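Going by the working numbering, the sequence shown wraps up at 682, each residue one higher than the last.
Just so it is clear, CB atoms sit at the ideal spot from N, CA and C, and this is done for glycine as well.
Values in this document were obtained by computation on a predicted structure and should not be read as measured data.
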Amino acid sequence: MSLTKKKISSDEINFEKNILCIGAGYVGGPTMAMIAHKCPKYKMTVVDINPDRIHAWNSENLPIYEPGLDGIVTDARGRNLFFSTDIEKGIKESDIIFVSVNTPTKTFGEGAGMASDLQYWEKTARQILDCAESSKIIVEKSTLPVRTARAMERILTSNGNHIHFDVISNPEFLAEGTAIRDLENPDRVLVGSRETETGRRARGEIVEIYRNWVQEEKIITSNIWSSELSKLVANAFLAQRISSINSISALCEKTEADISEVSKAVGLDRRIGDKFLNSSIGFGGSCFKKDILNLVYLCRQYGLNEVANYWENVVKINEYQKQRFVLTILNAMFNTLAGKKICMLGFAFKADTGDTRESPAIFIAKKLLDEKAYVIITDPKALKNAGVDLEGQKGHLSLVEDPCEATAGCDAIAVMTEWDIYRNLDYEKIYDSMRKPAFIFDGRNILDHEKLYHIGFNVYPIGKSKLTHFTKNK
Ligand code: NAD
Ligand code: UGA
């Protein structure tokens, strides 16, 4: 009988593995849904302390927007995928526990603003210890400082109850907006363990899960510290490329070089590659900044100040890029924004997600409000989060769903997110509806700048010459 055809009560089925995930967020939800989708023989339970989130996972309106997610969740939910707030029961019944709780930057005490806040993660370790009645494999799915597994092992062996725990590192490399594609066809899956007999056996069990759909050569194993560190380093390298190209975008604006042309010429070198070389208003998202700052903090703790300073500059350039963008707007619009209407096209930190965590748009919106501009925000998926991010801000702020309505009557448009829908709006109609002189600041270089210029806009891309009707600049 096919499990996919008929939904059967989970009690009637003998599942091959009982797998629990603690933390039903952007990683826990999609990752476990993918395993459930690919492996009907495993029972997957995802638990969270947040009942609203669990309720949403069990409803038609999932708590996160991710292309393709709805399909795989509805396919597996109630069959071999379950969302629950009963963490204790989940721990008792599982053989393998993925821990995917949030590990944000610490905001208090020693290491504030740099180190990882490990309180959620530690609570989970203690709860596992309190509730477990049999041996388990604990999998670090959250991104953690290197050598965290040792702390987890120490907590898990602290009450001498002879239950055996193996701690495995299996960092997640998915990107938001492409999570389902990334999970289905990952560049690699990394599984790290202690190099002991039980450690290697536990590692083998985790590898076996991924073997159900990931090619053998893409599943790599390593020692546990390499695995923990590789995740921080992968994010640092990706962010470093963005800061590198963004730093050069500032030079392009001074020299009439064009960042897209430079990017193409540099990226065609196969040793460099063409990915992650799109100049922008800066990287956002919940992880790049936090993971680099965590790396910086770790290096300082080990006395490696030069290494720490090197990586810290990746974050500094990112801050510089956001500030530079606001100054470009201010300078172009005659050094005053008071009472001017500026429409922000997009608010999510990237396209195809409703996530706004660390979105450059938050910083930019606040700066524009400080300048007493009227800020109008539009975004197909992130308006609710934008409202929360800007709650309590003084000034004139509106959230408008329809981009044409949002831009009507404005003095300027600032592109924040590279949503496809913004590429082909009717810019002639939009121009007609705006106050003149009308400005466009393309923070993502996604628009046809020549065309906009000919429509009548004064156009300010990133890392390219501006196209204005004020001076002869061509
Ligand atoms: P998130 O904030 O969306 O989800 C974390 C969830 O954990 C929340 O729902 C929270 O309520 C829950 N939680 C916290 N403490 C708990 C506890 N004691 N018991 C049960 N549930 C608890 O975070 P996220 O974006 O899914 O990230 C999780 C981890 O994965 C982080 O370490 C992050 O760095 C890493 N990561 C994130 C991404 C991404 O794209 N977001 C990608 C790769 C890795
Ligand atoms: C990133 C990594 O790509 C994932 O591999 C990693 O698992 C994840 O962080 C994590 O640990 O959380 P994510 O932040 O979801 O994924 O999205 P990215 O596609 O990496 O984009 C991050 C930011 O960089 C976005 O603001 C994006 O607009 C910006 N970006 C990206 C650029 O400005 N230019 C580029 O060329 C690429």
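- Short note on Arg261: C-beta closer than 7 Å to some heavy atom of the ligand NAD.
- In the DSSP assignment, Lys637 falls within the unbroken alpha helix (DSSP H) covering Tyr635 to Ser641.
- DSSP places Asp650 in the strand class (E or B) of the three-state scheme.
- Within the chosen limit of 7 Å, the ligand NAD does not reach the beta carbon of Cys618 with any heavy atom.
- Buried is the label assigned to Leu326, since at least 16 other Cβ atoms lie within 10 Å of its Cβ.
- Just measuring C-alpha positions, the residue of Trp421, Glu384 and Val347 sitting nearest Gly400 is Val347.
- Boundaries for Thr293: no beta strand (DSSP E) harbours it, and the DSSP string shows neither H nor E there.
- Counting every other CB atom within 10 Å of its CB across the protein chains shown gives His372 a total below 16, marking it as exposed.
- In the structure shown, the three-state DSSP call for Leu538 is helix.
- Using a Cβ-Cβ distance cut-off of 8 Å, the stretch 489-502 and the stretch 443-458 are in contact, since at least three pairs of beta carbons, one from each stretch, lie closer than that value.
- Relative to the non-hydrogen atoms of the ligand NAD, the Cβ of Ile336 never comes closer than 7 Å to any of them.
- Rounded to whole angstroms, the gap between the alpha carbons of Ala447 and Asn502 is 14 Å.
- Between Lys225 and the set Gln601, Arg449, Lys344 and Ile450, the nearest pair of CA atoms involves Lys344.
- The three-state reading of DSSP puts Gly595 in helix, counting H, G and I together.
- In this structure the stretch 578-595 touches the stretch 537-555; the number of beta carbon pairs closer than 8 Å is three or more.
- Here the alpha carbon of Val667 sits roughly 43 Å from the alpha carbon of Val397.
- Relative to the ligand NAD, the nearest heavy atom lies less than 7 Å away from the CB of Ala232.
- Per DSSP, reduced to three states, the secondary structure at Thr586 is strand.
- Checking the 7 Å criterion, the Cβ of Gly562 is out of range of every heavy atom belonging to the ligand UGA.
- Counting along the chain, the unbroken alpha helix (DSSP H) around Gly279 starts and ends at Leu277 to Ala284.
- Asp563 sits buried, since 16 or more C-beta atoms from the chains shown fall within 10 Å of its C-beta.
- Here Ile427 carries a strand assignment [DSSP, helix/strand/coil].
- The ligand UGA approaches Lys558 closely enough that one of its heavy atoms is under 7 Å from the residue's Cβ.
- In this structure, the alpha-carbon of Ala387 lies about 16 Å from that of Tyr418.
- Here the distance from the Cβ of Ser434 to the nearest heavy atom of the ligand UGA is not below 7 Å.
- The closest CA to that of Thr311, considering only Gly231, Lys251 and Ile432, is found on Gly231.
- When beta bridges are read from the DSSP output, Glu348 appears opposite Val307 and Ser377.
- Considering only Glu566, Asp619 and Asn526, the residue with the shortest C-alpha distance to Ala540 is Asp619.
- Around the beta carbon of Ile629, fewer than 16 other beta carbons lie within 10 angstroms, which makes this residue exposed.
- Contact check for Thr586 and Glu566: beta-carbon distance about 20 Å, past the 8 Å limit, so the pair fails to qualify.
- At a threshold of 7 Å, Ala573 does not count as near the ligand UGA, since its beta carbon sits no closer than that to any of the ligand's heavy atoms.
- Taken from the Cβ of Tyr505, every heavy atom of the ligand NAD lies 7 Å or farther away.
- Distances taken from the Cβ of Ser488 to the heavy atoms of the ligand NAD include none shorter than 7 Å.
- Residue environment analysis places Val596 among the exposed positions, since fewer than 16 neighbouring C-beta atoms fall within 10 angstroms of its C-beta.
- The straight-line gap separating the alpha-carbon atoms of Phe484 and Ile432 is approximately 28 Å.
- DSSP, read as helix, strand or coil, puts Gly400 in strand.
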